[in-house]
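Structure record follows, encoded as structure tokens.
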Amino acid sequence: MRFWNVPVIAVVALLVLAPEAHAADSRMVLRGGAGWISTSSEWTGDLLLTEGLSVTELKADGTIGPQLSLEYVFTPLIGGEVSVLQGSQEIKGSGLSFPRAGFGRVTERPILLGVNLHVTRSRKFDLYVGPVIGWVIWGDLTPSAVAQQEVTIGAINMRDDFAWGVNAGVDVPFAKHWAFNFDLRDLDYSARTDSRPVKAVLGEDLRIPIKPLIGTAGLALRW
Amino acid sequence: MHVSDGRGPVSLGRASSFGVLAATSVTDTGGINTTVVVGDLGVSPGRTVIGYPLVRGTIDMGSLKAAVAQEDLAGAFADADGRSAGAVGISGDLGGQTLTPGLYSSPSALSISGTLMLDAQGDPNALFIIQVASTLTTGAGSQVVLSGNADPFNVTWVVLGSADLGAASAFQGSILAGGSITLGTGATIEGRALTLNGAVTLDNNTITAR
């Protein structure tokens with residue numbers, strides 16, 4: 603099943619099944635949308651790929667990906683939320699002999715748990731903020747040609763990583779059960795290699811700090 | 040032709056582009072460009088290449104390319120060394136003998152003086168895997184000769200100890216050694232010299248890995 607099918611089926615099912623209730627009284631909130639993952643940090647060092655080709659900086663490009671979250675509102679002020687995001691980031695590298703060029707691509711899927719403090723909860727908007735922690739599941743980093751040189755190093759295993767940060771967002775109702783949702787997450791996690799060859803070259807894992815700021819726009823279904 | 044347990048050729052993976060791959064160092068004691076390596080030359084995790092071999096490929100000293108090649112070499116070594124079904128026991132000096140395709144296993148040191156014939160019996164895909172539990176030594180001027188459409192890249196020598204090729208010897212196949220590999224003056228290899236843990240020493244040699 604494609605990743606996008608899950609939120610589509612969930613939303614359709616909830617549209618049919620959701621009991622009518624005032625949004626401000628709702629206990630469950632399903633949010634879905636598209637998130638922009640921008641990164642704010644990079645790895646610097648000296649990774650010799652092959653003769654004459656050394657990478658000294660690696661940074662992940664921003665990317666857009668789907669996000670789905672479900673919140674249970676325990677009290678009018680506090681809710682617990684589980685979120686899943688997905689992104690596929692292009693890793694760009696630069697070296698002494700070449701400027702910024704493609705290095706490879708890696709997929710990430712952060713699974714986050716958060717506590718939302720609903721600062722204001724009214725008919726017009728519902729502003730929430732709170733901490734999040736989670737786990738990031740990484741796919742392999744698959745290097746491509748670097749600076750137009752084919753480098754036969756194959757896929758590099760990546761290590762799943764802990765994530766933490768803060769989350770803030772707002773639901774703006776436009777119908778009985780529906781609201782626009784805008785969400786911002788400032789997270790801290792890394793893409794870290796789990797590769798003996800990389801460790802043999804560097805003496806340690808290669809860790810690309812991602813430290814993403816994730817902005818999401820989408821819809822919220824409240825019941 | 041499968042050798043053995045239904046397994047096919049020993050896959051070298053990302054080590055296959057290397058004519059010479061060492062763990063600690065590669066030393067060429069000959070003159071400038073008198074050793075020719077057709078293929079890549081690499082060292083990992085070491086970073087030392089001494090001398091001036093002519094390499095028709097890349098020279099990878101401690102690079103990621105060499106490191107992943109070492110990783111695949113370890114897998115190939117384990118595969119080749121771990122095969123046992125149908126193994127034919129051999130020992131001592133193989134000079135003057137003819138081997139047909141198959142898996143051969145020597146529990147002790149192996150040597151080649153004179154000529155060893157590897158006869159594929161007309162099958163260009165025929166596999167030869169020769170396991171040596173100790174060292175492999177070839178004499179000066181010795182030869183491994185292929186016949187019957189045998190392909191040197193289907194010949195694998197998996198040597199737990201070191202491999203020493205005599206001066207002016209002509210060798211066929213890929214050596215996967217646990218220890219060091221030393222090529223005497225003027226020795227040639229149609230294949231590869233790959234070591235998991237040791238050094239490779241060269242002297243006016245030609246190694247053709249592709």
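Protein sequences, first through last, are from chains A and B. Each residue of the first sequence is one higher than the one before, starting from 603 at the first, in the working numbering. Each residue of the second sequence is one higher than the one before, starting from 40 at the first, in the working numbering. Idealized CB from N, CA, C, for every residue including glycine. Since the model is a prediction, treat every value here as computed from it, not as a measurement.
Check                                                                                                                                                                                 : Outcome
Does chain B have any CB closer than 9 Å to the CB of residue 802 (chain A)?                                                                                                          : yes
What residue range does the beta strand (DSSP E) around residue 216 (chain B) cover?                                                                                                  : 209 to 216
Could you tell me which residues DSSP puts in a beta bridge with residue 794 (chain A)?                                                                                               : A:761 and A:809
For residue 188 (chain B), collect the residues of the same chain with a Cβ closer than 7 Å to its Cβ; drop the 5 residues on either side in sequence, then sort them by chain order. : 159, 161, 162 and 163
Taking a Cβ distance cut-off of 7 Å, strictly less, list which residues of the stretch 755 to 767 of chain A are near chain C, in chain order.                                        : No chain C is present in this structure, whose protein chains are A and B.
What three-state label does DSSP hand residue 778 (chain A) in the structure shown?                                                                                                   : coil
Between the Cα of residue 229 (chain B) and the Cα atoms of B:238, B:218, B:204 and B:235, which residue gives the shortest distance?                                                 : B:204
Taking contact to mean at least 3 C-beta pairs separated by less than 8 Å, is the stretch 69 to 76 of chain B in contact with the stretch 87 to 94 of chain B?                        : yes
So with Cβ pairs under 9 Å, would you call residue 651 (chain A) a contact of chain B?                                                                                                : yes
Would you decide whether residue 750 (chain A) is buried or exposed? Buried here means 16 or more other CB atoms lie within 10 Å of its CB.                                           : exposed
Among the residues of its own chain, which have a CB less than 6 Å from the CB of residue 692 (chain A), if the five just before and after it don't count?                            : 663 and 707
Verify the CB distance criterion: does residue 229 (chain B) have a CB-CB separation below 9 Å to chain A?                                                                            : no
Taking the beta strand (DSSP E) that residue 636 (chain A) belongs to, which residues open and close that run?                                                                        : 630 to 640
Can you pull the chain A residues whose beta carbon is under 8 Å from the beta carbon of residue 98 (chain B), in chain order?                                                        : 653
With a threshold of 9 Å between beta carbons, is residue 95 (chain B) in contact with chain A?                                                                                        : no
Go ahead and pull the three-state DSSP assignment for residue 726 (chain A).                                                                                                          : coil
DSSP has residue 769 (chain A) in a bridge; who is on the other side?                                                                                                                 : A:732 and A:787
According to DSSP, which residues form a beta bridge with residue 753 (chain A)?                                                                                                      : Residue 753 (chain A) pairs with nothing; no bridge assigned.
What is the residue span of the beta strand (DSSP E) that residue 692 (chain A) lies within?                                                                                          : 689 to 697
So with CB distances below 8 Å, who are the chain B contacts of residue 798 (chain A)?                                                                                                : 106 and 110
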